[in-house]
Amino acid sequence: MNTYTARVSRATDLTHDVRLIQLDLLAPPAIEFEPGQFVSFSVDQPGLPHRLTRPYSIVSPPARTDAIELLLNRVPGGPGSGFLFSLDVGDEVTFRGPAGTFVLRDYADRRLLFVATGTGIAPIRSMLAARLPSPTPVTLYWGLRSERDLYFQDELAALAARHPEFTPVITLSQPADPWDGTRGRVQRLIEEQVTNVDDLAVYVCGGSAMIASVVALIRAIGVCPIHREQYYKDPPPQDGR
Ligand SMILES: Cc1cc2nc3c(=O)[nH]c(=O)nc-3n(C[C@H](O)[C@H](O)[C@H](O)COP(=O)(O)OP(=O)(O)OC[C@H]3O[C@@H](n4cnc5c(N)ncnc54)[C@H](O)[C@@H]3O)c2cc1C
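For the sequence shown, my numbering assigns the number 1410 to the initial residue and increments by one for each residue that follows.
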C-alpha cells in the first residue's frame, strides 16, 4: 500500500445523495490497482482524539492510472462521507491504497453475475470496464430505491449496446407509478431468473443483509464461487423478526 496525494478535479452530483468525484494524482503521479479494490481516507472524528479510517471503492477503470473516481453515498452525520462531501474542486487530499481482495478473477469459462445495491455498484463498474468484451455472458442486478435514485443507467445501456453479452438489470424496490422498469429487490431477480450456477461466478456488494440473503439464495441453487464486499453492517430488525 502507498500513500497518495491527489487533487479533486471534478465533483458531480448524480442524485440527491450520490456524488462522483475525480481525484487527479499528484504524488506519486500514477496508481495501479485491480478492478474492485478500494482506497482509504483517514478522517477526523469530531469530539474524539483518534482518527477514523474509511474505505471507498475505486469506480473508474484500472486502465486509467493518472486519476481515480469515487462514488459517494451521503450518510447524514457520517464523518467519512461528511469529509468527502465537503471537498471542493481544487482541494488536496491524502489517501492510502489500493487494497482489498474483492477483485475480478480470471474466470475465462464462467458466466459472471454481479449483484449490487446503491453505491455497491462502484467496484463493479470498474470490473465491468475490465471484463468487457467478455468471453462469457455477464449479468448485473443493481437495486436502487426509486426513480430519484437512478444514475449510470444510460452508461449501462450504452455498454450493453456495445457488448451484447452484457445484460444490466436495474430494479427499483419502491418505484412511483408509473414505472415500466423492473420492480422489487435484487433477491427477487435471483429467485426468478437464476436456475443454474454450475458455470457461474457471483460478485456481490452492498450492505450485510442483502449480501447474506443473496449468498443464501445462490447456495440453495448450487455451489459456485461467490465474492463479497460488505460496505456496512445492517442493524438487526427492530420487531424481532
Ligand atoms: C471495502 C469498502 C468499500 C466501500 N466503498 C464505498 C464506496 O465506494 N462508496 C460509499 O459511499 N461507501 C463505501 N463504503 C462505506 C464507507 O467506507 C463508509 O462506511 C461510509 O461512507 C459511511 O461512513 P461515515 O463515516 O460517513 O458514517 P458512519 O457513521 O461510519 O456510518 C453510518 C451508517 O451509514 C450506513 N452506510 C455506510 N455506507 C453506506 C453506503 N455506501 N450506502 C448507504 N448507507 C451506508 C451504515 O448503516 C452505517 O452504519 C465502503 C466500505 C467498505 C468496507
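Idealized CB from N, CA, C, for every residue including glycine.
For residue i versus residue j, is the C-beta distance shorter than 9 Å?
{"i": "V1448", "j": "F1492", "result": "no"}
{"i": "G1552", "j": "R1519", "result": "no"}
{"i": "R1534", "j": "L1480", "result": "yes"}
{"i": "D1539", "j": "P1470", "result": "Sequence check: residue 1539 is Ala here, not Asp. In contact: A1539 and P1470 (Cβ atoms closer than 9 Å)."}
{"i": "L1522", "j": "L1609", "result": "yes"}
{"i": "L1559", "j": "P1577", "result": "no"}
{"i": "F1442", "j": "P1507", "result": "yes"}
What residues in its chain sit with their C-beta under 8 Å from that of residue i, if we drop five residues either side in the sequence?
{"i": "A1585", "result": "S1555, E1556"}
{"i": "S1418", "result": "Q1431, L1432, D1433, A1476, V1498"}
{"i": "D1607", "result": "G1631, C1633"}
{"i": "P1644", "result": "none"}
{"i": "F1494", "result": "R1428, L1481, R1483"}
Kindly indicate the opening and closing residues of the alpha helix (DSSP H) around residue i.
{"i": "V1623", "result": "1617 to 1630"}
{"i": "P1488", "result": "1488 to 1495"}
{"i": "D1558", "result": "Unbroken run through D1558: none, as it is neither H nor E."}
{"i": "V1595", "result": "1595 to 1602"}
Rounded to the nearest angstrom, how far is the Cβ of residue i from that of residue j, given a contact under 8 Å?
{"i": "L1423", "j": "L1429", "result": "6 Å"}
{"i": "P1532", "j": "F1561", "result": "At roughly 13 Å, the Cβ-Cβ gap does not stay under 8 Å, so P1532 and F1561 are not in contact."}
{"i": "V1524", "j": "V1613", "result": "4 Å"}
Quick check on the burial criterion: 16 or more other C-beta atoms within 10 angstroms. Buried or exposed for residue i?
{"i": "Y1640", "result": "buried"}
{"i": "M1410", "result": "exposed"}
{"i": "N1605", "result": "exposed"}
{"i": "Q1596", "result": "buried"}
Cutting at 6 Å between CB atoms, please list the residues of its own chain near residue i, excluding the five before and the five after it.
{"i": "M1536", "result": "P1444, G1445, L1513"}
{"i": "P1546", "result": "R1520, E1574"}
{"i": "T1526", "result": "G1552, G1615, M1619"}
{"i": "T1421", "result": "L1429"}
{"i": "S1466", "result": "F1447, A1531, P1532"}
Could you pull out every residue in the same chain whose Cβ sits closer than 7 Å to the Cβ of residue i, ignoring the five residues on either side in sequence?
{"i": "A1439", "result": "T1474, D1475"}
First and last residue of the beta strand (DSSP E) that includes residue i?
{"i": "I1477", "result": "1476 to 1482"}
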